[in-house]
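Residue numbers (my numbering): 42 to 236.
All C-beta atoms in this analysis are idealised placements derived from N, C-alpha and C, irrespective of residue type, glycine included.
Since we're looking at a predicted model, the values are computed, not measured.
Read the structure below first, then the notes.
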């Protein structure tokens, strides 16, 4: 089921888990064991991160597929612009679609390790808005999520600029938003009111 539909139809607050793909066999065993136990909590969905610089790209798909197909938990794959051409992003999205996953979190991603400022990959995308548009245009069956920042994105000049960019994400195809970690609830409620 699409996460935007889950959110729209839920009578209760929606709750989810987020996991990073393990890098070792022991980590995978630990994750599988934990997920078996956490499944009893009946999350509305679970998401799987996309490692720094796309380092866990294949593992992201494997864990997302396992969540959905074997555990019956609705799943969302994170996808970032880092280190990929437009064609490579299309191939990854083809794999996500082939696995029966309907939800993607479209992210710009952080600069690769050792790089101070963000630079798009040659032939790649610069912004998460471009990724959201690519997904919505070429994969309309997907529910596209985007990140939002109640405490303001570190590269934004302030809340007003951040909200303008957030609205661009929605206009580009994001149908739901997920907050980045925040510590001040007052800032969250202000953010929701302003958005």
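Assignment of residue 157 by DSSP, reduced to helix, strand and coil, places it in the coil class. With a beta-carbon spacing of about 5 Å, residue 61 and residue 90 fall inside the 8 Å limit used to define contacts. Closest option to residue 47, judged by alpha-carbon separation, among 197, 230, 186 and 205: 186. Boundaries of the alpha helix (DSSP H) around residue 206: 200-212. Between residue 147 and residue 108, the CB-CB gap reaches or exceeds 8 Å. The beta carbons of residue 138 and residue 180 sit about 6 Å from each other, so the pair counts as a contact at 8 Å. Listed in chain order, the beta strand (DSSP E) runs fully inside the stretch 143-196 are 144-148 and 184-189, counting runs of at least 3 residues. Classified as buried, residue 190 has 16 or more neighbouring CB atoms from the shown chains inside 10 Å of its CB. Taking C-alpha positions only, residue 194 is separated from residue 44 by approximately 24 Å.
Here residue 170 is buried. Its C-beta has 16 or more other C-beta atoms within 10 Å. Of the candidates 75, 85, 72 and 59, 85 places its Cα closest to the Cα of residue 50. Here residue 81 is exposed, its C-beta having fewer than 16 other C-beta atoms within 10 Å.
In the three-state DSSP reduction, residue 67 falls in the helix class (H, G or I).
Assignment of residue 56 by DSSP, reduced to helix, strand and coil, places it in the coil class. Residue 224 is not bridged by DSSP to any residue.
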